[in-house]
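Undergrad: Take 2 as the starting number for the sequence shown in this note's numbering and just add one per residue.
Ideal Cβ placement from N, Cα and C applies to all residues, glycine included.
Predicted model, so just to flag it, every value in this text is computed and none were measured.
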Amino acid sequence: MKTKDIDDLTPNQGLLYNSIITEFYASIFYTSKHMRLGQGFYNFGYEKGIFKGSFPELFYCEDNTRAKDTIIVCLCEYVKEQA
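1) Shortest alpha-carbon distance to VAL80 belongs to which of THR4, TYR18, TYR43?
2) State the Cα-Cα distance for the pair ASN44 and GLN83, rounded to the nearest angstrom.
3) Alpha carbon to alpha carbon, how far is ILE7 from LEU16?
4) Whole angstroms are fine: how far does the CA of TYR47 sit from the CA of PHE30?
5) Report the residue from ASN13, THR11, LYS49 whose alpha carbon sits nearest the alpha carbon of SER28.
6) If LEU10 sits next to CYS77, beta carbons under 8 angstroms apart, how far is it from one beta carbon to the other, in whole angstroms?
7) List the whole-angstrom C-beta distance separating PHE42 from ILE21, where the pair is believed to meet the contact cut-off of C-beta under 8 angstroms.
8) Once DSSP output is grouped into helix, strand and coil, what is the label at THR23?
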């Protein structure tokens, strides 16, 4: 996890981030019961408009640090845009 990205959030953005990350993991948990786990990342990002680019190689490697970092950065950017 790239903590510097999270540290850049204001307190209000931090609350929003925590809310979104909770929903994010709930989405992955729900999706993982119905299809490949990685699909949860993609579905959530698509629905929320979080992932602007296409990272298909990241969404199917749940233990990949680069994937996690990319997701954290995308979520932080999304939160900053929403605030």
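TA: The relevant details are as follows:
1) Mapped onto the sequence shown, residue 80 falls at position 79. Closest by alpha carbon: TYR18.
2) Reading the sequence shown from its first residue, position 43 is the one you call residue 44. Reading the sequence shown from its first residue, position 82 is the one you call residue 83. Going by the C-alpha atoms only, they are around 19 angstroms apart.
3) In the sequence shown, counting from the first residue as 1, residue 7 sits at position 6. In the sequence shown, counting from the first residue as 1, residue 16 sits at position 15. The alpha-carbon atoms of ILE7 and LEU16 are separated by roughly 11 angstroms.
4) For the purposes of this step, residue 30 is taken as the residue at position 29 of the sequence shown. For the purposes of this step, residue 47 is taken as the residue at position 46 of the sequence shown. Whole-angstrom Cα-Cα distance: 16 angstroms.
5) Along the sequence shown, read from residue 1 onward, the residue named residue 28 stands at position 27. Nearest of ASN13, THR11, LYS49 to SER28, Cα basis: LYS49.
6) As a first step, residue 10 must be located in the sequence shown, where it is residue number 9. As a first step, residue 77 must be located in the sequence shown, where it is residue number 76. Between CYS77 and LEU10 the Cβ distance is about 7 angstroms, and since that is below 8 angstroms, they are a contact.
7) By one-based count along the sequence shown, residue 42 stands at place 41. By one-based count along the sequence shown, residue 21 stands at place 20. Wrong, their Cβ atoms sit about 13 angstroms apart, outside the cutoff.
8) Sequence index remark: in the sequence shown, residue 23 carries index 22 (1-based). DSSP places THR23 in helix when its eight states are reduced to three.
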